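Asker: Numbering (my numbering), first residue to last: 59 to 169.
Ideal Cβ positions, reconstructed from N, Cα and C, are used throughout, including at glycine.
Just so we're clear, the structure is a prediction, and the values are computed from it rather than from any experiment.
#1: Is it buried or exposed, residue 103, if we count other Cβ atoms within 10 angstroms and call 16 or more buried?
#2: Given a cut-off of 9 angstroms on the beta-carbon distance, is the pair residue 69 and residue 140 in contact?
#3: Hey, does residue 124 have any beta-carbon neighbour from chain B nearer than 9 angstroms?
#4: Report the partner residues of residue 137 according to the DSSP bridge assignment.
#5: Classify residue 125 as buried or exposed, calling it buried when 16 or more other Cβ atoms lie within 10 Å of its own Cβ.
#6: As a quick exercise: from 66, 95, 82, 76, pick the residue whose alpha carbon is nearest that of residue 107.
#7: Alpha carbons only, please: which of 130, 122, 105 is nearest the one belonging to residue 116?
#8: What residues match up with residue 35 in a beta bridge as DSSP calls it?
#9: Out of curiosity, what's the CA-to-CA distance linking residue 127 and residue 77?
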């Protein structure tokens, strides 16, 4: 008998998507690490796991929990949103040059 897996389609703020398959017992941190290891070259640099936020059903997923904890359905295609956040070092370095609102990234989640 084959073990069921999660197939997750990740949606970036710019509407590009990537698909990954995960084992049922994977933690959110493990999923982030697997995702970062196959990060698209066009989206470089890849963030660290702490800089990457996964959003499912309007909730930020905690690193220590599993997809099962969030009742993510297995065996089906699931959509999740990715929100890379800047590290504290780079965020504090950019405080002197604020970007106009039109140049900042935005993400809206409707559920």
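Answerer: With the given structure in hand:
#1: Answer is exposed; the Cβ neighbour count stays below 16.
#2: For residue 69 and residue 140, yes; Cβs fall inside 9 angstroms.
#3: The chain inventory of the structure shown lacks chain B, comprising one protein chain alone.
#4: Paired residues: 67.
#5: Counting C-beta atoms within 10 angstroms of its own C-beta, residue 125 has 16 or more neighbours from the protein chains shown and is therefore classed as buried.
#6: The shortest C-alpha separation from residue 107 is found at 95.
#7: Residue 116 has its Cα closest to that of 130, out of 130, 122, 105.
#8: Since the first residue of the chain shown is 59 and the last is 169, residue 35 is not available in this structure.
#9: Those two C-alpha atoms are separated by around 21 angstroms.
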